[in-house]
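**Q** Residue numbers (the working numbering): 3 to 195.
Here a beta-carbon is modelled for each residue, glycine too, at the ideal position from N, C-alpha and C.
Remember, it's a predicted structure, so these values are computed and weren't measured experimentally.
1. Consult DSSP for residue 163 and reduce its assignment to one of helix, strand or coil.
2. Out of 115, 3 and 52, which has the shortest C-alpha to C-alpha gap to residue 1?
3. Leaving out five residues before and five after residue 4 in sequence, what residues of the same chain have Cβ atoms less than 6 Å from its Cβ?
4. Out of 59, 51, 148 and 7, point me to the one whose CA is closest to residue 190's CA.
5. How big is the Cα-Cα spacing for residue 71 and residue 62?
6. Hey, how far is the Cα of residue 79 from the Cα of residue 92?
7. Since residue 30 and residue 40 are thought to touch, with beta carbons under 8 Å apart, how far apart are those beta carbons, to the nearest angstrom?
8. Please report the Cβ distance between residue 175 and residue 136, rounded to the nearest whole angstrom; I am assuming they are in contact, meaning their Cβ atoms lie under 8 Å.
9. Write down the C-beta distance between residue 162 and residue 144 rounded to the nearest angstrom, noting that I regard them as a contact closer than 8 Å.
10. Could you give the DSSP three-state label for residue 12: helix, strand or coil?
11. Can you tell me whether residue 27 is helix, strand or coil according to DSSP?
12. Tell me where the beta strand (DSSP E) around residue 110 begins and ends.
13. Out of 109, 36 and 38, which has the shortest C-alpha to C-alpha gap to residue 25?
14. On the CB-based measure, 16 or more other CB atoms within 10 Å of its CB, does residue 67 come out buried or exposed?
15. Please report the straight-line C-alpha distance between residue 89 and residue 95, rounded to a whole angstrom.
16. Could you check how far apart the C-beta atoms of residue 7 and residue 125 are, in whole angstroms? I think they sit under 8 Å.
17. Rounded to a whole number of angstroms, what is the C-alpha to C-alpha distance between residue 156 and residue 122?
18. Can you give me the C-alpha to C-alpha distance between residue 160 and residue 179, rounded to a whole angstrom?
19. Out of 27, 141, 103 and 38, point me to the one whose CA is closest to residue 44's CA.
20. To which residues of the same chain is residue 14 closer than 6 Å at the C-beta, ignoring the five residues directly before and after it?
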């Protein structure tokens, strides 16, 4: 069992080789075969191709900026111009990204298809307490506002851009906010073999 608050100061930042952006890795888990899952935020400054990730399922959401178009995911480009609307696609898809009107910041969840099941929800948290079930691995990213989290006897205050990581914690977590916070709530579990 473990509980960790990941702040932006702990993010691992890497510039893209093509110079078109920056990736901030918030957290990840690996096994002997490589990445099991990864949570990251990208700052995309220019149009360009997405990196290919074989056997990886991806979910992407716009955080800030006017949006971007993904070319290659279907007959028509997929336009993501509304914040916090999840879009799922396969990591091996050949995708070209074009920006709608200037730089954007997006949120990414990657999971290894044969090993990890992921559930992602975007929630608005108000003063009314929301009780949420816990998965073997639960990640709660605060997109905006401030959130109070209660886990058994533990009380935690989470600010914008904080991520709460809960591993093998039992029961549920209770979230409330005085300023209509928006959170990305992720549950990860191992796929049955």
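**A** Straight from the coordinates:
1. For the purposes of this step, residue 163 is taken as the residue at position 161 of the chain shown. Reduced to three states, the DSSP call for residue 163 is coil.
2. What the structure shows of the chain is the stretch from 3 to 195, and residue 1 is not part of that stretch, so it cannot be assessed.
3. One-based indexing of the chain shown puts residue 4 at position 2. Result list for residue 4: 169, in chain order.
4. On the chain shown, residue 190 is found 188 positions in, with the first residue counted as 1. Considering only alpha carbons, the answer is 59.
5. In the chain shown, the residue the question calls residue 71 occupies position 69. In the chain shown, the residue the question calls residue 62 occupies position 60. If I take the Cα positions, the gap works out to 12 Å.
6. Within the chain shown, numbered from 1, the residue matching residue 79 stands at position 77. Within the chain shown, numbered from 1, the residue matching residue 92 stands at position 90. Those two C-alpha atoms are separated by around 15 Å.
7. Start at 1 with the first residue of the chain shown, and residue 30 comes out as number 28. Start at 1 with the first residue of the chain shown, and residue 40 comes out as number 38. Approximately 4 Å separates the beta-carbon atoms of residue 30 and residue 40; this is inside 8 Å, confirming the contact.
8. Along the chain shown, read from residue 1 onward, the residue named residue 175 stands at position 173. Along the chain shown, read from residue 1 onward, the residue named residue 136 stands at position 134. That belief holds up - the Cβ atoms of residue 175 and residue 136 are roughly 6 Å apart, short of 8 Å.
9. In the chain shown, the residue the question calls residue 162 occupies position 160. In the chain shown, the residue the question calls residue 144 occupies position 142. With a Cβ gap of about 5 Å, residue 162 and residue 144 count as contacting.
10. Position 10 of the chain shown, counting from 1, holds the residue named residue 12. It is helical.
11. Position 25 of the chain shown, counted from the start, is the residue given in the question as residue 27. Strand.
12. By 1-based counting over the chain shown, the position of residue 110 is 108. Unbroken beta strand (DSSP E) run through residue 110: 106-114.
13. The residue given as residue 25 occupies position 23 in the chain shown. The residue with the shortest Cα to Cα distance from residue 25 is 109.
14. For the purposes of this step, residue 67 is taken as the residue at position 65 of the chain shown. When all chains shown are included, residue 67 counts as buried.
15. Indexing the chain shown from 1 puts residue 89 at position 87. Indexing the chain shown from 1 puts residue 95 at position 93. Rounded to whole angstroms, residue 89 to residue 95 spans 14 Å at the Cα level.
16. One-based indexing of the chain shown puts residue 7 at position 5. One-based indexing of the chain shown puts residue 125 at position 123. Actually they are not in contact, since the Cβ atoms of residue 7 and residue 125 sit about 18 Å apart, beyond 8 Å.
17. By 1-based counting over the chain shown, the position of residue 156 is 154. By 1-based counting over the chain shown, the position of residue 122 is 120. The alpha-carbon atoms of residue 156 and residue 122 are separated by roughly 24 Å.
18. For the purposes of this step, residue 160 is taken as the residue at position 158 of the chain shown. For the purposes of this step, residue 179 is taken as the residue at position 177 of the chain shown. Their backbone Cα atoms lie some 10 Å apart in a straight line.
19. The residue given as residue 44 occupies position 42 in the chain shown. The residue with the shortest Cα to Cα distance from residue 44 is 27.
20. Here residue 14 corresponds to residue number 12 of the chain shown, with the count starting at 1. Closer than 6 Å at the Cβ level, and outside the excluded window around residue 14, lie 27.
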